[in-house]
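Numbering (mature numbering (1 follows the signal peptide of the UniProt record, and there is no 0)), first residue to last: -24 to -1, 1 to 485. Think of the CB as a built atom: it goes at the ideal place given N, C-alpha and C, for glycine as much as any other residue. Data block below; observations after.
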Amino acid sequence: MIARWPIIWTCSSGLLTRLQILTSHILFYLDGTSNGSDSKKLRVEDRMEAPPSRVLHIRKLPNETSETEVIALGLPFGKVTNILTLKGKNQAFLELGTEEAAITMVNYYSTVTPHVRNVPVFIQYSNHKELKTDAVSAVQGGGTPTSGSDLALTAASSPVLRIIIDNMFYPVTLDVLQQIFSKFGTVMKIITFTKNNQFQALLQFNDPSTAQQAKIALDGQNIYNSCCTLRIDYSKLVNLNVKYNNDKSRDYTRPELPAGDGQPAMDPNMAAAFQGKDSNSLLGKIPGALSPLNAAAAAAAAAGRVALSGHSGSSGVLLASNLNEEMVTPQSLFTLFGVYGDTQRVKILYNKKDSALIQMADASQAQLAMSHLNGQKMYGKVIRVALSKHTSVQLPRDGLDDQGLTKDFTNSPLHRFKKPGSKNFQNIFPPSTTLHLSNIPTDVTEEDLRLLFSNAGGTVNAFKFFQDHKMALLQMSTVEEAIQGLIDLHNYNMGDNHHLRVSFSKSSI
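What follows is the structure in structure tokens.
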């Protein structure tokens, strides 16, 4: 009998608390004894070109494929809101949060063959627009979820993770944990303690789905090379009660809490951490550390599809295609991809000028850039970004004129991530309509900046200065306009050697 209990993966709109069985229009997939009609129906679906849907049909999965492995295929492209595995048929249905995320996923895997356990799998749109389910029906049908389903259900209902650090040869602090886990979402509270001579922690996210993504990506990873291994499980608690803000516990939603008797007071600089800025951390100070940039790449890579620091992995070269060959330049690609890593070299292909090779500093940065930029619109065209088979971008031979199509940016002063501990590590976000501006001269006004970005092409919908007027948020009408503004105006000379810094923001105005 095939399992009939899909796991509901929660989305930002709130907890989905009910497990359900698929309604009658797809029950033929579940019944292995349906008079032999299953294979005929599957063959018919194979021949059909289904229209885009946020539900994807995944086939040819290896035996014993776990739900986590299937979910890992979809996590780089957006929220996974539901899954149904048909283990007897080596198939699964995966529901993403939006149709746009599903389209990006299908387009990407049409150029890069997806693999599960080193076996190629096939992904296509399902004829179904959503997975509808009913836990009551499952119970009335006489079934009981398996222990694996029970674990996943626990995961879907708790935003709190229990973390154990194995092989702790270097000290791991509360701030180290916050810096790593905050790349997956908002960390609300952390409590650290020692139990059975092991350093442990309870960490609460703002929602359960974020906790799931963090666990999938980081469980079993080393914070530092070959040591300080993260062992992550779900806690039975759904809310942490933090009384003190000190080096043992922290409530990031209540910075006014006391330090507690006999406990070290919170670092005065931690006020910045409450606002999402850098906190003092060992990361980046010990060679081989899992940097915040690599942690963000882990989130995008979903459970180690690209190796982290200290592990072998794919190259850092990307292939960008469907570019606007009339407008794209190596500099524009350097600026855009440089939001997600230190772009080393860019080569626009001589015989195919709508495509380019982009070499990042390492594979983690390449994965991060790919996950955020694939499917985005640049110069009026939806670009495709995939990992390249090349291991490096070759410079033209001496004396060979390639019309300026190849540029070496290795020594560029504009790299965002060369400096250890840079606040740029804390501000890696997908392209959005809102841009974060910094290094603004004191004599520059709101109208000056509105005019500057309007002239770059687009409409400025909203603007907000920070209190010191050195930083601001500026909201364009579309993501494409924001991308264009960042490309054109990052490092723009505002006068007196003030070069404007532009990045994407997760905030709205």
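- At a Cβ-Cβ threshold of 7 Å, valine 82 and proline 38 do not count as neighbours.
- The beta carbon of serine 29 is closer than 8 Å to those of Glu75, Ala78, Tyr101, Ser102, Asn103, His104, Lys105 in its chain, skipping five residues each way along the sequence.
- In the same chain as tyrosine 228, and ignoring 5 residues on each side of it, the C-beta atoms closer than 7 Å to its own belong to Val163, Met164, Lys165, Phe250, in chain order.
- With at least 16 other beta carbons inside 10 angstroms of its own, glycine 351 counts as buried.
- Counting C-beta atoms within 10 angstroms of its own C-beta, histidine 348 has 16 or more neighbours from the protein chains shown and is therefore classed as buried.
- Counting the other Cβ atoms within 10 Å of the Cβ of histidine 33 gives 16 or more, which makes it buried.
- Runs of the alpha helix (DSSP H) lying entirely within the region 396 to 425 and spanning at least 4 residues: none are present.
- Listed as beta-bridge partners of phenylalanine 393 by DSSP are no residues whatsoever.
- Burial check for glutamate 456: the Cβ neighbour count within 10 Å reaches 16 or more, so the residue is buried.
- Among the bridge pairs identified by DSSP, phenylalanine 175 is matched with Thr170.
- Here the alpha carbons of asparagine 387 and histidine 366 stand approximately 21 Å from one another.
- For the pair serine 364 and leucine 449, the CB atoms are not nearer than the 7 Å cut-off.
- CA-CA distance, valine 31 to glycine 73, rounds to 9 Å.
- With 16 or more other CB atoms across the displayed protein chains lying within 10 angstroms of its CB, histidine 391 is buried.
- In the structure shown, the three-state DSSP call for glutamate 71 is strand.
- Only exposed fits aspartate 378, as fewer than 16 other CB atoms lie within 10 angstroms of its CB.
- Classified as buried, glutamine 197 has 16 or more neighbouring CB atoms from the shown chains inside 10 Å of its CB.
- When the five nearest sequence neighbours on each side are left out, the beta carbons in the same chain lying within less than 8 Å of the beta carbon of leucine 150 are those of Ile166, Thr168, Ala177, Asp223, Lys224, Ser225, Arg226, in order along the chain.
- Residue burial annotation: glutamate 302 is exposed, with fewer than 16 other C-beta atoms found within 10 angstroms of its C-beta.
- With a cutoff of 7 Å on beta-carbon distance, valine 478 and leucine 427 are scored as not near each other.
- Relative to proline 407, the option among Pro135, Asp444, Ser453, Glu423 whose CA is nearest is Ser453.
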